[in-house]
Structure formats: structure tokens, C-alpha cells
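Taking our numbering, the leading residue of the sequence shown gets 569, the next gets one more, and so forth. Quick reminder that beta carbons are idealized off the backbone N, C-alpha and C, glycines included. Report on the following structure.
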Amino acid sequence: MIDRAQQALHLQGLEPVAETQADPHSYGFRRNRGTQDAIARVFNILSQKASASWILEGDIKGCFDNFGHGWLESHIPMDQKVLSGWLNAGYVESGKLFPTTAGTPQGGIASPTIANIALDGLEAMLTERFGSTATSVRRLRVRLVRYADDFIITGTSKELLEQEVKSCVEAFLAERGLQLSQEKTRITHISEGFDFLGQNVRKYGGKLLIKPSARNVNAFLENVREIIRANR
Numbered sequence: 569m570i571d572r573a574q575q576a577l578h579l580q581g582l583e584p585v586a587e588t589q590a591d592p593h594s595y596g597f598r599r600n601r602g603t604q605d606a607i608a609r610v611f612n613i614l615s616q617k618a619s620a621s622w623i624l625e626g627d628i629k630g631c632f633d634n635f636g637h638g639w640l641e642s643h644i645p646m647d648q649k650v651l652s653g654w655l656n657a658g659y660v661e662s663g664k665l666f667p668t669t670a671g672t673p674q675g676g677i678a679s680p681t682i683a684n685i686a687l688d689g690l691e692a693m694l695t696e697r698f699g700s701t702a703t704s705v706r707r708l709r710v711r712l713v714r715y716a717d718d719f720i721i722t723g724t725s726k727e728l729l730e731q732e733v734k735s736c737v738e739a740f741l742a743e744r745g746l747q748l749s750q751e752k753t754r755i756t757h758i759s760e761g762f763d764f765l766g767q768n769v770r771k772y773g774g775k776l777l778i779k780p781s782a783r784n785v786n787a788f789l790e791n792v793r794e795i796i797r798a799n800r
């Protein structure tokens, strides 16, 4: 209880600082932002006739469990002794204490903000590399939409995303002790569609269609079935 109260107190000072350096199109765990805003941004950047046609669906392998403590202690703007105590506190399971050598505090109320600070800068890096001029923005259309550790990056070609953008993202993550999941990270054409934040996004006949993903629909229907079975 004391530890959670301490985290809540430090979070009051950490959140305003995090907002000043947050990526413009980061939507997770931020005040007055949510999944609906992220999906609205997806619509804005993909619905036009000249919009990018290729999407890199990013999946960070065990994101919250693998942040490098050294990077966090060097870059999170708060009392380093307190932060180090949180990061190295360990966790208790089945009555045993296990050490933590990487990752953010498990279940900590400050963890989402710490993770956001660590991932902020990805959009600026991509802009500097692929969109520093109006001409390059129009030509490459590399744009990021991120919700916590779930993100997509658009581009005008599969080769651009696969050979240039992906390697930049991997280098950015590696500095923080993270890596992309090679099994779950994929590059998709907008005509095939992709799932993002519970929605399926696909362009058909020049029109962008956004609807609940099949996985979410099935989960909802299964929940309804469970309720019906429980009340027969």
C-alpha cells in the first residue's frame, strides 16, 4: 500500500513532464485520449485516394517485461533512487520472492507512463528520417499511430517498410532492451486489411472500411453465450 501511494505521488509529477515530450500520435494511457482517437487518426491518414497503401503492424515482444533498467534509470525524469527501488523490487509468486532484472514495475500504477516515456521519440525519429520535408512526406507517407505498445506505421511500398523503416524501429527498440516479435510483426497491403485496437481496417473500392475485428466479435458472442448458459 505504501509503495502504491508513493508511485501515485511521483506519478503526479511525472505525467505533466511526460506530456511535454510525448509523441503527437501516441494515444495510450494519456489523459483525454483513447482508442477512438487512435482509430480516428488511422482513418485520417488512410482514407484518402493518395494515402499510403502499405502498413507495418508492429508487435513488441514482451514490451513491459523487457525494458532495460539501465536505459530507464538514465532517461526517466524522476528521483533515480526511488525509480531503481521500483525496478528492482522483484515480485512475489506462490510465497516466493523473484528478482526483476528488466521491465517496468509489475502492476505498478506508474508503469504505463514510464513505458510511454520510453517509447516516445519513435515518431520524431521516423519524421526526421523519412519526413523532414513536405516533399518526402508526400512521397513516402511514413506515419505512426501508437497506443501503448501497439502501433502501426504506414508507407508507400512494402520495400520501404521492410528494408528501411523496420530496421530504424528495431534500432530504436534495441536501445531500450526491446525487440519486435518476428512472428507477429507483419507488413500488409490495405486491400487485405489489418486489425488494430479491436477494429479491422480495410480499403475496398477506394473506400476505407472500419469495423469490429472478427476476433472481437467472436469474443463478444462467446460472452453472450456464457451469460445465456449461466441463466438457463
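- In this structure, G658 lies near L665, with their beta-carbon atoms less than 9 Å apart.
- For the pair D605 and Y595, the Cα-to-Cα distance works out to about 7 Å.
- Ranked by how close their Cα comes to the Cα of W622, the residues L741, F788, L712, E661 have L712 in first place.
- Where G653 is concerned, the enclosing alpha helix (DSSP H) starts and stops at 648-655.
- Going by beta carbons, D688 and Q589 fall inside the 9 Å limit.
- Residues H593, Y595, V713 of the same chain have their beta carbon placed closer than 8 Å to that of R609, with the five preceding and five following residues left out of the count.
- Three or more beta-carbon pairs drawn from the region 631-639 and the region 670-687 are found closer than 8 Å, and the two stretches are therefore classed as touching.
- Around the beta carbon of I721, 16 or more other beta carbons lie within 10 angstroms, which makes this residue buried.
- Residue state for L777 is assigned as strand, using DSSP reduced to three classes.
- Residue state for H593 is assigned as coil, using DSSP reduced to three classes.
- Around the CB of Y772, fewer than 16 other CB atoms lie within 10 Å, so the residue is classed as exposed.
- Membership of E661 in any alpha helix (DSSP H) is not indicated; the residue belongs instead to the beta strand (DSSP E) covering 659-661.
- Beta-bridge partners of K734 (DSSP): none assigned.
- Look at N768 here: in three-state DSSP terms it is strand.
- Cβ contact annotation for G630 (same chain, cutoff 7 Å, sequence separation greater than five): none.
- Setting aside the 5 residues that flank it on each side, A692 is surrounded in the same chain by D591, each with a C-beta closer than 8 Å to its C-beta; the list follows chain order.
- For E743, there is no enclosing alpha helix (DSSP H), as DSSP marks it with neither H nor E.
- Only residues of its own chain outside the window of five on either side were considered, and among them Q767, V769 have a CB closer than 6 Å to the CB of I778, listed in chain order.
- In chain order, L776, I778 place their CB closer than 7 Å to the CB of F611, counting only its own chain and leaving out the 5 sequence neighbours on each side.
- I755 and E727 have their C-alpha atoms roughly 10 Å apart.
- Residue state for K664 is assigned as strand, using DSSP reduced to three classes.
- A residue is called buried when at least 16 other Cβ atoms come within 10 angstroms of its Cβ; V660 does not meet this threshold and is exposed.
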